[in-house]
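Asker: For what it's worth, the working numbering labels the leading residue of the sequence shown as 1340, then goes sequentially. Even glycine gets a Cβ: it sits at the ideal position worked out from N, Cα and C. To start, I am sharing the structure in question, which I have written as structure tokens.
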Amino acid sequence: MSIHFNFGVRPPPQATKAQLAAWLDQARRAHRQGSLAQASQLYNTILKNDPKNFGALHMQGVLAYQAGHLQMAVDLIGQAIKQAPQDAAPYVNRGIALGALKRHEEALAHFEQAISLRPDFAEAYVNRGITLKELSRPADAVASYDQAITLQPRLAAAHNNKGYVLRLLERLDEALKCYEQAFDLNDQDVDACQNLGVLHAQADRPDEALRYFDRVIALRPQHAEAHNGKGTILAQREQWTDAIRHFEAAIQGDGNLVQAHKHLGLAWMCLFQFSNAVEAFRKAAHLSPQDLDILSFWARSLLEAGRHSEALALYDKAIRMAPDMVDLHYNRAAFHHRLNRYEDASADFQEAYRIDPEVKYLLGFLVDSRIKTCDWRHLADDLERCEQSIRAGELSVQPFTVVALFDSPALQMKAAQTQVKLDYPESAALGSIPARIPGGKIRVGYYSADFHTHATACLMAGLFESHDRERFEWFAFSYGPSVEDTMRHRLRQSFDHFIDVRELGGGDIARMSRELGIDIAVDLKGFTLDHRFRIFAHRCAPVQVSYIGYPGTTGADYMDYVIADKVVIPPKAQVQFTEKPVYMPHSYQVNDSQRAISDRVFTRGELGLPAHGVVFCCFNNNHKILPLIFDSWMRILQAVPGSVLWLFEDTPAVATNLRREAQERGVAAQRLVFAQRMPLDEHLARHRLADLFLDTLPYNAHTTASDALWAGLPVLTRLGESFAARVAASLLQAVGLPELVTYSVAEYEALAISLAQDPARLQTLRDKLWAQRDQAPLFNTRQFARDVEAAYVTMHERHLQGLAPDVIEV
1340 MSIHFNFGVR PPPQATKAQL AAWLDQARRA HRQGSLAQAS QLYNTILKND PKNFGALHMQ
1400 GVLAYQAGHL QMAVDLIGQA IKQAPQDAAP YVNRGIALGA LKRHEEALAH FEQAISLRPD
1460 FAEAYVNRGI TLKELSRPAD AVASYDQAIT LQPRLAAAHN NKGYVLRLLE RLDEALKCYE
1520 QAFDLNDQDV DACQNLGVLH AQADRPDEAL RYFDRVIALR PQHAEAHNGK GTILAQREQW
1580 TDAIRHFEAA IQGDGNLVQA HKHLGLAWMC LFQFSNAVEA FRKAAHLSPQ DLDILSFWAR
1640 SLLEAGRHSE ALALYDKAIR MAPDMVDLHY NRAAFHHRLN RYEDASADFQ EAYRIDPEVK
1700 YLLGFLVDSR IKTCDWRHLA DDLERCEQSI RAGELSVQPF TVVALFDSPA LQMKAAQTQV
1760 KLDYPESAAL GSIPARIPGG KIRVGYYSAD FHTHATACLM AGLFESHDRE RFEWFAFSYG
1820 PSVEDTMRHR LRQSFDHFID VRELGGGDIA RMSRELGIDI AVDLKGFTLD HRFRIFAHRC
1880 APVQVSYIGY PGTTGADYMD YVIADKVVIP PKAQVQFTEK PVYMPHSYQV NDSQRAISDR
1940 VFTRGELGLP AHGVVFCCFN NNHKILPLIF DSWMRILQAV PGSVLWLFED TPAVATNLRR
2000 EAQERGVAAQ RLVFAQRMPL DEHLARHRLA DLFLDTLPYN AHTTASDALW AGLPVLTRLG
2060 ESFAARVAAS LLQAVGLPEL VTYSVAEYEA LAISLAQDPA RLQTLRDKLW AQRDQAPLFN
2120 TRQFARDVEA AYVTMHERHL QGLAPDVIEV
């Protein structure tokens, strides 16, 4: 907002001394030139000689205002007005000081008096407009600015301030014209230039906004708001490092600019630099202790930095301050969810849902937190609400949650396409990828947050080590946490190039990929935790492939292929995928044939298992256990006396809820035994104490199924319709045990009971699995490497020939 001072002060009409007049003229020149101390000394000298000197009183008042002494300014200029009550100028300047003291009605009266004395006083109309805006009279403010412009069309401040009020009225096109007029009249007008940048940013025209912010910075390098505005746009483009530089420049320009501290914290969080984020939010909260968003972000950064109790205390404080603010309950729920406190998460998600059920993805998170503790009390209603919302195209349930809840390829596709359309639309910001000259090695990039000890890495490490480096050049783009564990060290050695891109945004990673000449980009995350799908929305390579992490379609037209097999995506199901399937000859799932199994020999007793009786097991994550499959398990236990079901326990609530559910189905609670987490090699070793692995539906065992088979434990599955519901069948086909694939509830239960009641038959299956395990395609990592490389060659050749992606059979 521009404030226009009037320096056109006439000398006292009857100067008693020529020297006083000379001093006043000298003081005014010094004042205009910025020599304020010299001007003040001269004004004081005049007033000592002539205490009622109008000019000295008036201008010393203006100087006091400029020094921040507002009441002194009001008093001095008031004295000047008494000496010359018919002069309009001091009314304007006293009104400005009164406005700074928030005494807006008095200020308005002064501007009105100035106008009555001098109707052609354009500056008075400008300042009256400012005050009318402060008094919430925007239409009157616009009218006042229009009067100023009529009187003085080239008065830039009038155009600029009118634009500000029009922006408040959401008359953005008119506001833009006002700002442009102001800047055309004075291309050194920093306020007008800054306002143009803000307005373009608000109108989602970031390139234009950046042009004006850059101009402001060129005119005034320490301009805090301009640096903050530019940093915000850079952050939106995920150019975090550059954004941080501008947020820090904004803070250097104005250490009290709350938004700069807040935005700096968010940028540090996006770079996983949580200690820096904590400090930025701490400073922001000190400046604005009632800002609930800042408290929430501060709490989240504390959580990520491992300071859990401090984080929870902040969430609790914020919720006490605003108990009906939905974001706070939502964020505290996410806090609990991150720490596997799913019951607390459910309570907060439920409260958030009560306040506003339309919050993005809230319904899905609520349902997910409930099923993670096997709390099924609301599940029937939850599923109905989820399905209706997904079919309506609402952003209510994330695709990965849909995979766990519904055995429906069509519903999964709808959820994925809805999210891609609204959250990850294809971007043309980087333009088209230049054609590559044929020849040389094919450059393949794998993109993941999981290049450390993680289920995906455990499956794929052997593949990376087996890849052909003569025909291919292999790149890893790692955007997950910097975990320097044994697996990370192993993976680093497996690639030609291991690139840490945590500090880059999706667009920057895509740009880097293009500059490195990546021919084929393989996304290992899909819509799973910590994904960076925006990389692919920017088209980081001519060919983009979905693999292993996400068991379904991404719904993105810019993903060209999905690596699969004819079990997980039968030909009739291709219409439910936006990608073209690449059919591997055996299973789509790669396995590391070097996975170690501990030599440790467990006893039943030390793991809580009974000394005798059949041990059924399922080490899937608890959210995969739903009522229909649990019903089957309970019927199986009832039919096999003395048997137990050995399950993984992610949280104590799971044991409580499932034991209650078992009792309601007529099965004693103690027949459910719960296993805790342990190192992978020992986890594989404890499989020896189980007799049969019972799979889940609609979300099969994936890595857990291959773990069981690698450990020599047969897996019984029931084939579903969706990718996620057919994975175990794919694994069993590739390991040579298709007889363990069933096609109905009755067949699944009957085979489990039959095998449990026929130990010899079950042992035969175990012996068969163990005998052919090492030769089976499922665990032939080197052959899988050759097969997937053949697929990569075909993809690449089709692209070079200008052919669109199509189904590939290896």
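1) Note down the Cα distance separating residue 1344 from residue 1405, rounded to an integer number of angstroms.
2) By DSSP, does residue 1725 sit in helix, in strand, or in coil?
3) Candidates 1440, 1443, 1428 and 1470: which alpha carbon is nearest residue 1455's?
4) Taking the DSSP output, what are the residues bridged to residue 1813?
5) Under three-state DSSP, which class holds residue 1659?
6) Output yes or no for whether 8 Å exceeds the beta carbon distance between residue 1919 and residue 1900.
7) Roughly how many angstroms separate the alpha carbons of residue 1447 and residue 1395, rounded to a whole number?
8) Quick one: complete alpha helix (DSSP H) runs, 4+ long, within the stretch 2081 to 2121?
9) Where residue 1895 and residue 1755 are concerned, what is the direct C-alpha to C-alpha distance, given to the nearest angstrom?
10) Please determine, among 1935, 1954, 1902 and 1937, the residue with the shortest C-alpha to C-alpha distance to residue 1944.
11) Whole angstroms are fine: how far does the CA of residue 1642 sit from the CA of residue 1960?
12) Would you mind listing the beta strand (DSSP E) stretches within the stretch 1994 to 2057 that are 3+ residues and don't spill past its ends, in chain order?
13) Looking at the strands, I want to know which residues DSSP matches up with residue 1836.
14) Residue 1912 and residue 1748: beta carbons closer than 8 Å?
15) Would a C-beta distance cut-off of 8 Å place residue 1462 and residue 1431 closer than the cut-off?
16) Going by CA-CA distance only, name the one from 1611, 1603 and 1629 that's closest to residue 1620.
17) Just to confirm my understanding: we take residue 2004, look at its own chain, exclude 5 residues before and 5 after, and list those with CB closer than 6 Å. What are they?
18) Given a threshold of 16 other Cβ atoms within 10 Å of its Cβ, counted over all protein chains shown, does residue 1882 qualify as buried or as exposed?
19) Report yes if the CB atom of residue 1657 is closer than 8 Å to the CB atom of residue 1626, and no otherwise.
20) Inspect the CB distances between the stretch 2049 to 2069 and the stretch 1977 to 1988 and report whether three or more fall short of 8 Å.
21) Whose C-beta lies closer than 6 Å to the C-beta of residue 2075 among residues of the same chain, with five residues either side of it excluded?
22) Go ahead and pull the three-state DSSP assignment for residue 1682.
23) CA-CA distance, residue 1453 and residue 1423?
24) Given that a residue counts as buried once 16 or more other Cβ atoms are within 10 Å of its Cβ, and exposed if not, what is residue 1489?
25) Which residues bound the beta strand (DSSP E) around residue 1883?
26) At which residues does the alpha helix (DSSP H) containing residue 1986 begin and terminate?
27) Can you tell which of 1769, 1522, 1538 and 1599 has its C-alpha closest to the C-alpha of residue 1562?
28) Nearest by alpha-carbon distance to residue 1438: which of 1737, 1808, 1646 and 1469 is it?
29) Mind the definition here: the stretch 2129 to 2144 touches the stretch 1925 to 1937 only if three or more C-beta pairs lie below 8 Å; say whether that holds.
30) Please tell me whether residue 1607 and residue 1583 are closer than 8 Å, where the distance is taken between their beta carbons.
31) If you draw a straight line from the alpha carbon of residue 1502 to that of residue 1730, how long is it in whole angstroms?
32) Check whether the stretch 2116 to 2125 touches the stretch 1798 to 1806, counting contact only when three or more Cβ pairs, one atom from each stretch, lie closer than 8 Å.
33) My output table needs one value for residue 1860: the three-state DSSP class, helix, strand or coil.
34) Taking the alpha-carbon positions, what's the residue 1891 to residue 1910 distance?
35) Let me confirm a value: residue 1951 is counted as buried when at least 16 other C-beta atoms fall within 10 Å, else exposed. Which label applies?
36) Relative to the alpha-carbon of residue 1893, which residue among 1810, 1833, 1753 and 1878 has its alpha-carbon at the smallest distance?
Answerer: So, from the data block:
1) Only weak support is given to the placement of residue 1344: the predicted model assigns it a pLDDT of 48, under 50, and the value that follows is read from those uncertain coordinates. Roughly 10 Å between the two C-alpha positions.
2) helix
3) Of the listed residues, the one whose Cα sits closest to residue 1455 is 1428.
4) 1783.
5) helix
6) yes
7) Cα atoms of residue 1447 and residue 1395: separation of roughly 24 Å, rounded to the nearest angstrom.
8) 2084 to 2095 and 2098 to 2111
9) 8 Å
10) 1954
11) 23 Å
12) 2011 to 2014, 2031 to 2033 and 2054 to 2057
13) 1814
14) yes
15) yes
16) 1603
17) 1973
18) If you draw a 10 Å sphere on the C-beta of residue 1882, you find 16 or more other C-beta atoms in it, and that means buried.
19) no
20) no
21) 2111 and 2115
22) In the structure shown, residue 1682 sits in a helix (DSSP, three-state: H, G or I).
23) 12 Å
24) Residue 1489 comes out exposed.
25) 1882 to 1885
26) No alpha helix (DSSP H) contains residue 1986, which is instead part of the beta strand (DSSP E) from 1983 to 1987.
27) 1599
28) 1469
29) Short answer: they don't touch.
30) In this structure, residue 1607 sits near residue 1583, with a CB-CB distance shorter than 8 Å.
31) Taking the straight line joining both Cα atoms gives about 44 Å.
32) yes
33) strand
34) 15 Å
35) exposed
36) 1753
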